[in-house]
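Student: Following this note's numbering, the numbering of the sequence shown begins with 21 at its first residue and continues without gaps.
A virtual CB, placed ideally from N, CA and C, is assigned to each residue, including glycine.
This structure is a prediction, so every number in the text was calculated from the model and none was measured.
Sharing a structure here in structure tokens format.
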Amino acid sequence: MLKQGQEEAYSYLYDHYSAALFGVILRIIMLQEEAEDILQEVFIKIYHHIGNY
Numbered sequence: 021m022l023k024q025g026q027e028e029a030y031s032y033l034y035d036h037y038s039a040a041l042f043g044v045i046l047r048i049i050m051l052q053e054e055a056e057d058i059l060q061e062v063f064i065k066i067y068h069h070i071g072n073y
């Protein structure tokens, strides 16, 4: 489970960077569903490793 500060950091990252990151992924992949899946995988990895940053 994430600690309070980590939850806030994760929320901040998602709120401030997910839309821009999605745009970059979509330009590369050019398939919306695939881009959504990749974005989700990115944030799952961040979630699992947030303590390392």
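In chain order, what residues of the same chain lie with their CB nearer than 8 Å to the CB of LYS65, ignoring the 5 residues before and after it?
Tutor: none
Student: Answer with buried or exposed for ILE48, where buried requires no fewer than 16 other C-beta atoms within 10 angstroms of its C-beta.
Tutor: exposed
Student: Which same chain residues end up closer than 8 Å to SER31 when comparing Cβ atoms and leaving out the 5 residues on each side of it in sequence?
Tutor: none
Student: If you measure between the beta carbons of ALA40 and ILE70, is that distance less than 8 Å?
Tutor: no
Student: The alpha helix (DSSP H) spanning GLY43 covers which residue range?
Tutor: Per DSSP, the continuous alpha helix (DSSP H) segment holding GLY43 begins and ends at 24-49.
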